[in-house]
Structures are given as structure tokens and as C-alpha cells.
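Visitor: All the letters of the sequence shown, read from the start, carry residue numbers 7 to 474 under the numbering used here. Quick reminder that beta carbons are idealized off the backbone N, C-alpha and C, glycines included. Only a predicted model underlies this, so the values are computations on that prediction, with no experimental measurement involved. Dropping a structure here in C-alpha cells format, bear with me for questions.
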Amino acid sequence: MNKKELALKLFDLGVLQFGEFTLKSGLQSPFYLDFRRIVAYPDILRSISELLWDLVAESEFDHLCGVPYAALSISSTMAVLHSKSMIVKRKEQKKHGTKKMVEGIFKEEDTCVVIDDVISSGISMIETLEALEGEGLKMKHVLSIVDRMQGGAVMLSDYGYDVQTVYTIREILEILKEGGKVNQKQYTDTLVFIETNRIDFEQVRARRKQKKSYSYKKIGKEAKHPIAKRLTEIVLKKKTNLCCSADVTNSEELLHLANAVGPNICMLKTHTDNLSDFSPAIIDALKELAEKHNFLIFEDRKFADIGHIVMQQFTAAPLCIADWADVVTVHVVAGSSSIEALKATEKLNTTALIVVAEMSTTDTLTDKKYTSKAIEIAEQHSDIVLGTVSQNYRSDKPGIMMLTPGINTDRKKDGLGQTYNHPDEAFSKRGVDIMIVGRGIYQSNNPALQSEIYKKIGWESYLKRDNE
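Okay, structure coming up:
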């Protein structure tokens, strides 16, 4: 079956429809291409698959991957007909089994051809490409049955991909008009719509990339650990999402800062191993201030060793962190075993964990793949994990909070690799729940006043986001 015969047959099968349709980009379209119908017609599926294969028949590559869902049947047919390995990129993450977004047998640096049924804005294709690239795969060729000629194919080409399609929508319309399937008005109206409705990919992507966020009431309801529930209660009662990072080196500074900022914060983040004069008496005094001002004590210990050592660091003297910290941080560079070791101490009924998923330094090694895995581990241990530390990504589970350090209203960088974000950016664009502010408060001449300012800015940013 040649291209002309196939186009006429596709129309007869209802693949091209005229009416009012909403595209994935949000654009209202007078026509729609529904290639999911072809799975009921093996001959058509085979013909389309062969036409797509012809586009890359002379190229060398290791795998095929169809953009979910419509292109999965096409990539499967191509893989079977030409004995090619196939990779599956899920549309959403499963909550059971391997929980992988990308399934298949492959290794880093393998090459993959990605197939879609229709390219409109290019968003679906980019989402698939990014997921595959995140697994270390290399993509050059991008195939599609139809280019709607609304900017997606051009955008993908600009990104450096070799985009090839069997048809453009103009070609299909010309074949259908010549074959008496569409009248002059349908032909003209469709082309006018295409010409006057080019999709701005960056605007569409920015809208789709808005981070998920949840109200504190929702978080409190879904949270499993009692400390997480208590934190949301403090946040709502005091109307503050501010955590002050007390990066000081002696007890006098720590207690003075805690008393000054206490009325304006929900948590105080400490580094007790930095205190030159640490003693149990300091902890007693700090706990009194926490009770007086109603905030949690957040020891930023960042446990990262093998399980046996982590257990000792959490429970042993002189710090005895397990006896007084409401919240502690843990890295998962050693895998989930660090979390499981802390759980084995049986001290996590009164202490919740925060998983460090992403760092705020410019050259951090916590890339997207690591961050995603860290968040996944946090979700698997949601009974003891309060949230994750991250700059850009959050859990889809409302009960897992996102905490972000490096918040500052004035600075962008510190000269030592630390980067900063404004509270508005953190809450509205990144979906942050708790902002962590250090030098912006404790290095000021008036930490009490500065913490009050940050409290107000952070709460207003949250309310603005929650009302959008």
C-alpha cells in the first residue's frame, strides 16, 4: 500500500476527524488525528510501520521506543518485523513491581530511535527523549507518521534531532481533497488554522512544567509520621514555612539565634557537630526554646555511611542525636540501607527523616537520575520520612514535603559554589513547602527582624501559589 492509498484508507477508518478538539498543549483544534484506531487493522498497522522503518532503514541504532500510548503498537510492530530491540517508556510510574519509568534491556550509550504518531507541540516527544536520555541512552532520529506543521517538528530539529515524518498534514489534506474526501472549505479552514496557530513550545512547556504543590492541610492529612503532622500544625498555627539554618560554631550564638528567630520559624536547622563547646546542657536549653516558641529541632547530620556506622552516629555519645532531634537528614548514596539502619534503632517514633535528594551547589553530582531515585526511596519509606531536600523536584505524594535550602532575597551566589533562589521562585515555580534560610538571617545585624521579613515573604508566596 503506497502513501496515497494509505492516507485515503486512514480517513475512511476515522483516523482524521473534523470537529472541536483540545490538544495536549491546550490548543483548540478543528481537526484531530487518532491513530489508536489502527490497532484494530493489522494490515494498516503493518503498512504504517514499514513506511516509518523506511525512514531509518539505512541508519544504525540499537533500540526502538514508541511515545506512549498511540505509538507503542507501531514501535512494537517495527521491532517484530525487523528484529529490533524495543524499549518502553511509561506514561506514569507504576506503584508496584520495579516502579521504573523506562523498561527494557539496554546499557548506557546505546542508541535509540523514538517514534510518535503525531508531532504537534513536540511536548510528548521531548518528555520521552528526556526520560531516555536520563537513562544514558543516545537519541538522534525522531520519527512520526504526521507532522501537524505547528512548530513541534521545527523545535525538535532546533534541539538537534533528525526529525522525519511519513506525511505533513498539508500532504494528507491534498491527497484527501484530490480524492474527494474533504471539500474546499475543510481544506482551506484547516490550513488557515495551522498557519495562524503555531504552538509556542517554550510557553507550553513552562505551563506544563509548573511544579506540583499541595496545601499544608493536604500534606498534614496525607503525612504518615507524627512529626510530619506536627510540623504542618506548627506551619498553619504560626503561618510560617520558614526554617532557619543555624550555621554557627558555639552554643552562645546558637541559643541567642534560636531565641531571636524562634517566634518566626517552624524549624531550626542545627549542626551540633560544628559547635566547639557542645554539651548535653546545650540541648536542654535548645529544647526549652523549641517548646517556648513552638518549633522543631532539625539536626542536619546528613547520615551517609554504611548501616552499622549510621546507627552509631545516630545514637552514640557525645551527640546522642536520637534522644533529642525531631528531624534528621540522611543521604541515600549508599542506597536505602541507610534509612533501614536508622529505622532498626527503633528511635524513629519521635524522629522523622529527611532524604537529601539534591544539593544546592553549582557543580553538584546529584543529577536528575540520582534525585529521582532518592525521591523514590523516600516514598518507599514514607512511614518514617517527612520529606526531601531538593532544588527542582518533589514527590508526587502529598505526604512527602519538599524542603529547599539556598533561599535568599538578595544574593545569587556565595563564591563557594552555593546558589540562591528567591522565595517567590521557590514556591511558585519549584513547588517548595519549607524554605531553608541561613546566611540571609544569621549574618544580618538583626536576625529577629530578618526572620520576620522572611516569614512574611514565604507565607505570602505560599498563599499566592495556593490560590493560583
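V361 and L348 look like a contact to me (Cβ under 8 angstroms); what is the Cβ gap, rounded to whole Å?
Guide: Actually they do not touch by this definition, with Cβ atoms about 11 angstroms apart.
Visitor: Here's the rule: buried if 16 or more other CB atoms are within 10 angstroms of the residue's CB, otherwise exposed. What is H314?
Guide: Exposed, because fewer than 16 other Cβ atoms sit within 10 Å of the Cβ of H314.
Visitor: Output the boundary residues of the alpha helix (DSSP H) element that contains H314.
Guide: 313–321 is the extent of the alpha helix (DSSP H) around H314.
Visitor: What are the boundary residues of the beta strand (DSSP E) that M441 is part of?
Guide: Here the beta strand (DSSP E) through M441 covers 440–443.
Visitor: So what's G421 in DSSP terms, helix, strand or just coil?
Guide: With a pLDDT of 48 at G421, under the threshold of 50, the modelled position of this residue cannot be trusted; read the value that follows with caution. In this structure, G421 counts as coil in the three-state DSSP scheme.
Visitor: Cα separation between L455 and A266?
Guide: Between L455 and A266, the C-alpha separation is close to 9 angstroms.
Visitor: So G444 packs on S251, CB below 8 angstroms; how close in whole Å?
Guide: With a Cβ gap of about 3 angstroms, G444 and S251 count as contacting.
Visitor: Can you tell which of T415, D389, E431 has the C-alpha that lies nearest to the C-alpha of N398?
Guide: Of the listed residues, the one whose Cα sits closest to N398 is E431.
Visitor: In whole angstroms, what is the alpha-carbon distance linking S366 and I440?
Guide: When rounded, the distance between both Cα atoms is 15 angstroms.
Visitor: How about D306 and H262: are their beta carbons less than 8 angstroms apart?
Guide: No, the pair does not count as a contact, with Cβ atoms beyond the cut-off.
Visitor: Locate the alpha helix (DSSP H) running through E228, then write down its first and last residues.
Guide: 222–228 is the extent of the alpha helix (DSSP H) around E228.
Visitor: Assuming contact is defined by CB atoms lying nearer than 8 angstroms, are D253 and Y448 in contact in what I supplied?
Guide: Cβ distance < 8 angstroms, so D253 and Y448 count as in contact.
Visitor: Buried or exposed: which applies to H387, given that a residue is buried once 16 or more other Cβ atoms fall within 10 Å of its Cβ?
Guide: By the neighbour-count rule (16 or more Cβ atoms within 10 Å), H387 is buried.
Visitor: Taking L260 as the reference, give the member of N280, V198, T246, N247 with the closest Cα.
Guide: Here the closest residue by C-alpha is N280.
Visitor: Compute the beta-carbon to beta-carbon distance between A340 and A384, rounded to the nearest angstrom, for a pair I have assumed lies under 8 angstroms.
Guide: Actually they do not touch by this definition, with Cβ atoms about 15 angstroms apart.
Visitor: Please name the residue or residues paired with F27 in a DSSP beta bridge.
Guide: F27 is bridged to S35.
Visitor: Please state the DSSP three-state secondary structure of K10.
Guide: K10: helix per DSSP, three-state reduction.
Visitor: Where do the ends of the beta strand (DSSP E) carrying L359 lie?
Guide: Start and end: 358–362.
Visitor: Here's the rule I'm using: 16 or more other beta-carbon atoms within 10 Å means buried, otherwise exposed. How should L61 be labelled?
Guide: It counts as buried.
Visitor: Give the secondary structure of Y167 by DSSP, where H, G and I count as helix, E and B as strand, and everything else as coil.
Guide: Correct three-state label for Y167: coil.
Visitor: For the stretch 372–383 and the stretch 180–196, state whether three or more C-beta atom pairs, one from each stretch, are separated by less than 8 angstroms.
Guide: No, they do not touch.
Visitor: Spatial neighbours of S82 within its chain, please: C-beta separation below 8 angstroms, excluding the five flanking residues on both sides.
Guide: Hits under 8 angstroms: G72, M92.
Visitor: Give the DSSP-derived three-state secondary structure of L51 in the structure shown.
Guide: Helix, per DSSP.
Visitor: Applying the criterion that 16 or more other CB atoms from any shown protein chain within 10 Å of the CB defines a buried residue, is E429 buried or exposed?
Guide: Note that residue 429 is Pro in the sequence shown here, rather than Glu. So P429 counts as buried.
Visitor: How about the stretch 143–157 and the stretch 109–124: do they share at least three Cβ pairs that are nearer than 8 angstroms?
Guide: Yes: at least three Cβ pairs fall under 8 angstroms.
Visitor: Could you compute how far the alpha carbon of I327 sits from the alpha carbon of G226?
Guide: Each residue's Cα considered, the two are about 25 angstroms apart.
Visitor: According to DSSP, is L16 part of a helix, a strand, or is it coil?
Guide: Helix.
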